[in-house]
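J.: Take a look at the following structure, please.
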Amino acid sequence: MIASLRQIALLTGKDLRIESRSRQTLGLVSVLGILIVAVLGLGLGAHNQVAAFGATAVLWVAYLFSGVLCFEKTMAVERNDGVLAALLMAPLDRGIIYLAKLLSNLLLMLAVAAIVTPVGILFFGFDLTAAPLTFAGVMSLSMLGFAAVGTLFAAVISSTRLQGGLLAMMVFPISLPLVIASTQMMLRTFRDGAGPGMTGMGILLAFDVIFLTVSWLVFEWVLEP
Amino acid sequence: MFNAGYWILTLLLTAAAVAMLAIYTPEEATMGPIQKIFYLHLPAAICTFLACLVCFVASIGYLTQRRNWWDDLAAASGRVAVQLCSIVLITGMIWGRSAWGQWWTWSPRLTFSLILWLLYVVYLMIRTSIESPQRRAVISAVYATIAFLDVPLVYLSTRLMVDIHPTSITLAMPMKLTLAVWFVPIVLLSAGLIMARFRLYQRQRALAPPARIEPGHNGFQWAAGEVA
Chain H
-10 MIASLRQIAL LTGKDLRIES RSRQTLGLVS VLGILIVAVL GLGLGAHNQV AAFGATAVLW
50 VAYLFSGVLC FEKTMAVERN DGVLAALLMA PLDRGIIYLA KLLSNLLLML AVAAIVTPVG
110 ILFFGFDLTA APLTFAGVMS LSMLGFAAVG TLFAAVISST RLQGGLLAMM VFPISLPLVI
170 ASTQMMLRTF RDGAGPGMTG MGILLAFDVI FLTVSWLVFE WVLEP
Chain L
13 MFNAGYWILT LLLTAAAVAM LAIYTPEEAT MGPIQKIFYL HLPAAICTFL ACLVCFVASI
73 GYLTQRRNWW DDLAAASGRV AVQLCSIVLI TGMIWGRSAW GQWWTWSPRL TFSLILWLLY
133 VVYLMIRTSI ESPQRRAVIS AVYATIAFLD VPLVYLSTRL MVDIHPTSIT LAMPMKLTLA
193 VWFVPIVLLS AGLIMARFRL YQRQRALAPP ARIEPGHNGF QWAAGEVA
């Protein structure tokens, strides 16, 4: 158990160290997120003071697209210099590789969210003061589920000659329950004044648990050099 | 088993079901004759779900056993699932237009059908996007497994949405009988389509040119039959 945690920490540390030195992924992905929020703001015209519960729509679009780019780039890092083959030859359970990749993706996505969400609040005037922790909690849980599925699919298709948009196509429909559940919970919290609701929370937790487990199990079969 | 006799039987049963619909089945009180599209809509919805289940089982089968016929079965059932789901969506929209005056609303049942359709359309897109047969099989099997596990979560999350148009109708005995009769040709049609596609893919695989061994990008020797 401790050995596994050390291995995960080692692999995640490697990814984050590469990221901190090359600074490729975070910058690119954040800029994409900001651009998407800007496009949505312009697209909605002069009346873009959307109420707090509209935040989920704008932010989800930004997170989904920038998230897909983030997952593609973190897997692409493994393609250089035969790193992935070396990783597969190491005496590591492949589930550990999955968890480490998931952790690095999640940390990067949370960093991107930390940049893009304030931009959204600024451009749209979202008023999240009624329940900021609920918003943060719901979006974090959703982000975990999204990263779980995205990491698996990014690894699965990373060895193919990538058709553009393939990862986006695969991840979006699977992530729709997250979008629906978080949107309904935000509506309940900000428009109706009730809490987020246990059903919604249950769905998010179920999604996270099911797909984390399944991805961790399936990763064994699908990662190839 | 799935030969000309099978299809003639299916055709005759379909004709009989349509005749029954025209002559025997009573009209529903509030919605009028267009409500009869329901007798196509519900069996098609059930068969969509069965096709998705077959696709799931076949995908798991491929991932565990790596036999090619599992992959062909998954491809065939995925395709038929999309065809049936398209029928469900279109008949649902026609019914909705006449019953409530709108082609589309974001009600739970409609949204669920739409997401199911999207999930399996993407499955078909994945299959056409990847050239290497082995990678295609693995990737689409993983996707189909995840997609099917996603279906109950989609169902539950759409249940959170407000149901503007409740769609439950009480069925009189003749209507229940018609529904039961309609299930038979639709199930036969779905199974027949899946098997026809399955055999087509098997024959295509048998006729495909033998694969060559080629060195990969990093100089690794790929397994026999793997191009890239």
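Just so you know, the protein sequences line up as chains H and L, in that order.
Note that my numbering has the first sequence beginning at -10, numbered continuously upward.
Note that my numbering has the second sequence beginning at 13, numbered continuously upward.
Just so it is clear, CB atoms sit at the ideal spot from N, CA and C, and this is done for glycine as well.
Could you tell me if P107(H) is buried or exposed, where buried requires 16 or more neighbouring beta carbons within 10 angstroms of its beta carbon?
T.: Exposed: under 16 other Cβ atoms inside 10 Å.
J.: Less than 9 Å between the C-beta atoms of A27(L) and N80(L), yes or no?
T.: No, Cβ-Cβ distance for A27(L) and N80(L) is not below 9 Å.
J.: What would DSSP say about G44(L), mapped onto helix, strand or coil?
T.: Residue state, collapsed to three classes: strand.
J.: For L81(H), I'd like the list of residues in its chain whose CB is within less than 7 Å of its CB, leaving aside the five on either flank, ordered along the chain.
T.: Excluding sequence neighbours, L81(H) sits near Q(-4).
J.: Below 8 Å between beta carbons is the criterion; list the residues of the segment 64 to 88 of chain H that meet it against any residue of chain L, in chain order.
T.: Listed in sequence order: G71, A74.
J.: Note down the Cα distance separating G216(H) from F50(L), rounded to an integer number of angstroms.
T.: Within the shown structure, residues of chain H are numbered from -10 to 214, placing residue 216(H) beyond reach of any answer.
J.: What number of angstroms, rounded off, separates the C-alpha of L21(L) from the C-alpha of M187(L)?
T.: Rounded to the nearest angstrom, the two C-alpha atoms are 23 Å apart.
J.: Measure the beta-carbon distance from A111(L) to M43(L) and round it to whole angstroms, keeping in mind my assumption that it falls under 8 Å.
T.: Yes, they are in contact, since the Cβ atoms of A111(L) and M43(L) sit about 5 Å apart, within 8 Å.
J.: According to DSSP, is Y167(L) part of a helix, a strand, or is it coil?
T.: It is helical.
J.: Rounded to the nearest angstrom, how far is the Cβ of E67(H) from that of L58(H), given a contact under 8 Å?
T.: Actually they are not in contact, since the Cβ atoms of E67(H) and L58(H) sit about 16 Å apart, beyond 8 Å.
J.: Within the same chain, show all residues whose beta-carbon is closer than 7 Å to that of G56(H), passing over the 5 residues directly before and after it, in chain order.
T.: M98, F135, G139, listed in sequence order.
J.: Please identify, using Cβ separations under 8 Å, the residues of the segment 130 to 160 of chain H that lie next to chain L, in order along the chain.
T.: If the cut-off is 8 Å between Cβ atoms, the segment 130 to 160 of chain H has V138, L141, F142, V145, I146, S148, T149, R150, Q152, L155, M158, M159 near chain L.
J.: Which whole-angstrom value describes the C-beta separation of L130(L) and P162(H), a residue pair presumed to lie in contact below a C-beta threshold of 8 Å?
T.: That belief holds up - the Cβ atoms of L130(L) and P162(H) are roughly 4 Å apart, short of 8 Å.
J.: Does L174(H) come within less than 9 Å of chain L when only Cβ atoms are used?
T.: It is Met, not Leu, that sits at residue 174(H) in the sequence shown. Judged by the 9 Å Cβ criterion, M174(H) is in contact with chain L.
J.: Does the pairing of the segment 51 to 59 of chain L with the segment 90 to 101 of chain L give three or more beta-carbon distances under 8 Å?
T.: Segments in contact, yes.
J.: How would you label S9(H), buried or exposed, when you count the other beta carbons within 10 angstroms and need 16 or more for buried?
T.: Under this definition S9(H) is an exposed residue.
J.: For the pair the segment 198 to 218 of chain L and the segment 82 to 90 of chain L, tell me if three or more CB-CB distances fall below 8 Å.
T.: The segment 198 to 218 of chain L, when compared against the segment 82 to 90 of chain L, does touch it at the 8 Å Cβ threshold.
J.: Does G43(H) get closer than 9 Å to chain L when you measure Cβ to Cβ?
T.: By this cut-off, G43(H) is not an interface position.
J.: Determine the burial state of A125(H): buried for a count of at least 16 other Cβ atoms within 10 Å of its Cβ, exposed for fewer.
T.: Classification for A125(H): exposed.
J.: If you drop the 5 nearest sequence neighbours on each side, which residues of the same chain put their C-beta closer than 7 Å to that of M64(H)?
T.: Closer than 7 Å at Cβ, skipping near neighbours: A143, A144, S147.
J.: Could you tell me the alpha carbon to alpha carbon distance between S164(H) and L48(H), rounded to whole angstroms?
T.: Each residue's alpha carbon lies about 14 Å from the other.
J.: Report yes if the CB atom of T123(H) is closer than 9 Å to the CB atom of M78(H), and no otherwise.
T.: No; because the gap between Cβ atoms is not below 9 Å, this pair is not in contact.
J.: Comparing the C-beta of V211(H) with each C-beta of chain L, is any distance below 9 Å?
T.: Taking Cβ atoms only, chain L reaches closer than 9 Å to V211(H), which makes this a yes.
J.: With a threshold of 9 Å between beta carbons, is F54(H) in contact with chain L?
T.: With 9 Å as the cut-off, F54(H) does not count as an interface residue toward chain L.
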